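Undergrad: I am attaching a structure below and will ask some questions about it afterwards.
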Amino acid sequence: MPLEPSAAPGLPASLRTAALAAREFLAAHRRGVVTTLAVLMTGFGVTAFGIAPLAPDAAELPRRTITEAVEPENLLEQANALAELPLQLRRSETTRPSDTADTLLKRLGVADAEAARFLRTDRHGQRVLAGRAGKMVSAETDDDGRLRSLVARYPAEDDGGVAGPARFNRLTIERAADGSFTTMLETAPLGSTTRLAGGVIRSSLFAATDDAGIPDAVAVQMAEMFAAEIDFHRELRRGDEFSVVYEALTADGEPITWNQGTGRVLAAEFVNAGEAHQAVWFQGADGKGGYYDFRGESKRRAFLASPMEFSRVTSGFAMRMHPIHKVMRAHLGTDYGAPTGTPVRTVGDGVVEFAGRQNGYGNVVIVRHAGGRSTLYAHLSRIDVKNGSRVDQGQRIGAVGATGWATGPHLHFEFRVNGVHQNPVKIAKASEAVVLDASQRPRFQQVALALKTQLDVADDLRGVVGRE
């Protein structure tokens, strides 16, 4: 029944007017109000129905008043106590090629002429800026910028390998009570964390790893792992995918700044032209390690596919226009463009048959391998082996140059079987594998299973920046 202002005589006129206004508002906005109420009832109606009947009447609950006097601590005493505590400020930086003692300390927030003088004149203090830049330096000062201690971390000079250095030097400089400085030099093992990443090939391997935030050192290791199965110079295709698990190295818990902060690749999968290739790192009881697929078959072959680490190939095994004679002739080898001085390695175990200068080859090394096979490395700027010496796979035998008939620095590489030139990449793929000892297979399966789980996670990160 409509409510008119004259209705409900028991109500004051003001309330009757308000009721009429509410009625008119509801009539004008009926749909919106109903919808709002429906949403609210949906969220709270069931709860109210299920709980309200079980709750006791608040008026019947017992009541108790608790009174406790709270005396605030003396704020002035607290402030005075804090003021008496020594203020210590800590800051970290990385040394630069142009650094001096003063510029480094300034970036570290140190205003201390005595500390700068110590870094310039003391034979131990000079180590902070000596040698290569990139040292990790942290300094602790008091509130007036006076140096309390300085710690420099950098790679151990006599340590290194395929996966980079395993140790680092820690140089600590501390100010004694009398104001003098003391130094301590230690060598400590690097720590590591595991990172997962993945990517998709759009143009090149390095472009893809850049997009995924993966260091170049990891890309090179991946190329080496699958070098006997994939020609990374010519067989990469747009849409190829990869996943990788690798070590990120730390010094005293801080990510290192040298060697791109990476250690060894622990596992990787590369999908090339729809075919998946997988490899995991396994180190046996004898301390020797290598890469294997998940069936336990070694990735190592009797011959490497390349005499150099992953680099740009200028021409492949095919007919070509000779750059000097300007005639079409068979190019019976593979040329690798690289800067002069780039290390050259032998692709297999063998004996040096010739090391010297030979016509258009310039400085050349020929290595004789088992089974009537031999390899030739030409245009070298330097030769590091002698005639008759035995060499192991991967051993350095010289360096890239431009000697002989070369228009620029590069390595000319040939593979011969019984004197006949062969495609070195095909030979590497077909060469015999190194077999994993049967006694180590149970432990290998445990390691491989754990890494396979991590690779499965990395599959979801393809195209995403690497993360821990």
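Its first residue numbered 0, the sequence shown is counted upward by one per residue in numbering that gives the first Met the number 0.
Using N, Cα and C, we set each Cβ at its ideal position, and we do this for glycine too.
Small disclaimer: the values here were computed from a predicted structure and weren't measured.
(1) Under 8 Å between the Cβ atoms of histidine 409 and tyrosine 290?
(2) Can we say the region 190-203 touches the region 239-250, given the rule of at least three CB pairs closer than 8 Å?
(3) Measure the Cβ-Cβ separation of glutamine 394 and valine 346 and say whether it is below 8 Å.
(4) Any idea what DSSP makes of alanine 447, helix, strand or coil?
(5) Could you tell me the boundaries of the alpha helix (DSSP H) in which arginine 126 lies?
(6) Mapping the DSSP letters down to three states, classify lysine 298 as helix, strand or coil.
(7) Please check the pair lysine 134 and arginine 152, which I expect to be a contact at CB under 8 Å, by giving their CB distance rounded to whole angstroms.
(8) Report buried or exposed for arginine 63, applying the criterion of at least 16 other Cβ atoms within 10 angstroms of its Cβ.
(9) Using a Cβ-Cβ cutoff of less than 6 Å, which residues in the same chain neighbour asparagine 271 once the five nearest sequence positions on both sides are dropped?
(10) Kindly indicate which residue of Val264, Phe167, Ala132 and Ala377 has the alpha-carbon position closest to the one of alanine 401.
(11) Report buried or exposed for aspartate 455, applying the criterion of at least 16 other Cβ atoms within 10 angstroms of its Cβ.
(12) Is it true that the CB of arginine 440 sits closer than 8 Å to the CB of glycine 197?
(13) Say the cut is 7 Å; is the CB of aspartate 391 nearer than that to a heavy atom of the ligand PLP?
(14) Just the Cα atoms here: how many angstroms apart are threonine 182 and aspartate 111?
(15) For aspartate 458 and glutamate 185, I'd like the C-alpha separation in whole angstroms.
(16) For the region 238-306, which segments carrying the beta strand (DSSP E) assignment without a break, of at least 3 residues, lie completely within its bounds, in sequence order?
(17) Considering only their Cβ atoms, is the gap separating leucine 146 from arginine 174 smaller than 8 Å?
(18) Answer with buried or exposed for asparagine 168, where buried requires no fewer than 16 other C-beta atoms within 10 angstroms of its C-beta.
(19) From glutamate 253 to alanine 114, what distance separates their C-alpha atoms?
(20) Ignore the nearest five residues each way along the sequence and tell me which others in asparagine 362's own chain have a CB closer than 8 Å to its CB.
(21) Of the residues Ile365, Gly370 and Ala405, which one's Cα is nearest the Cα of asparagine 386?
(22) Along the chain, where does the beta strand (DSSP E) containing glutamine 421 start, and where does it finish?
(23) CB-CB under 6 Å to arginine 89, same chain, minus the five flanking residues each way: which ones, in chain order?
(24) Name the DSSP beta bridge partners of valine 390, please?
(25) Along the beta strand (DSSP E) that carries alanine 218, what are the first and last residues, could you check?
(26) CB-CB under 8 Å to glycine 288, same chain, minus the five flanking residues each way: which ones, in chain order?
(27) Is DSSP giving glycine 371 helix, strand or coil here?
(28) Locate the alpha helix (DSSP H) running through glutamate 228, then write down its first and last residues.
(29) Going by the CB atoms, is the gap between arginine 372 and valine 350 shorter than 8 Å?
TA: In terms of the structure at hand:
(1) no
(2) yes
(3) no
(4) helix
(5) It is not in any alpha helix (DSSP H) - arginine 126 carries neither H nor E in the DSSP assignment.
(6) strand
(7) 7 Å
(8) exposed
(9) Ile229 and Asp239
(10) Ala377
(11) exposed
(12) no
(13) Here there are no bound small molecules, and the ligand PLP is not part of this structure.
(14) 17 Å
(15) 40 Å
(16) 240-250, 261-271, 274-282, 288-291 and 296-300
(17) yes
(18) buried
(19) 24 Å
(20) Gly355, Arg356, Ala377, His378, Leu379, Ser380, Arg381, Ile382, Gly397, Gly400, Thr402 and Gly403
(21) Ile365
(22) 419-421
(23) Glu139
(24) Gly349
(25) Premise fails: alanine 218 lies in the alpha helix (DSSP H), 215-224, not in any beta strand (DSSP E).
(26) Trp280, Phe281 and Gln282
(27) coil
(28) It is not in any alpha helix (DSSP H) - glutamate 228 carries neither H nor E in the DSSP assignment.
(29) no
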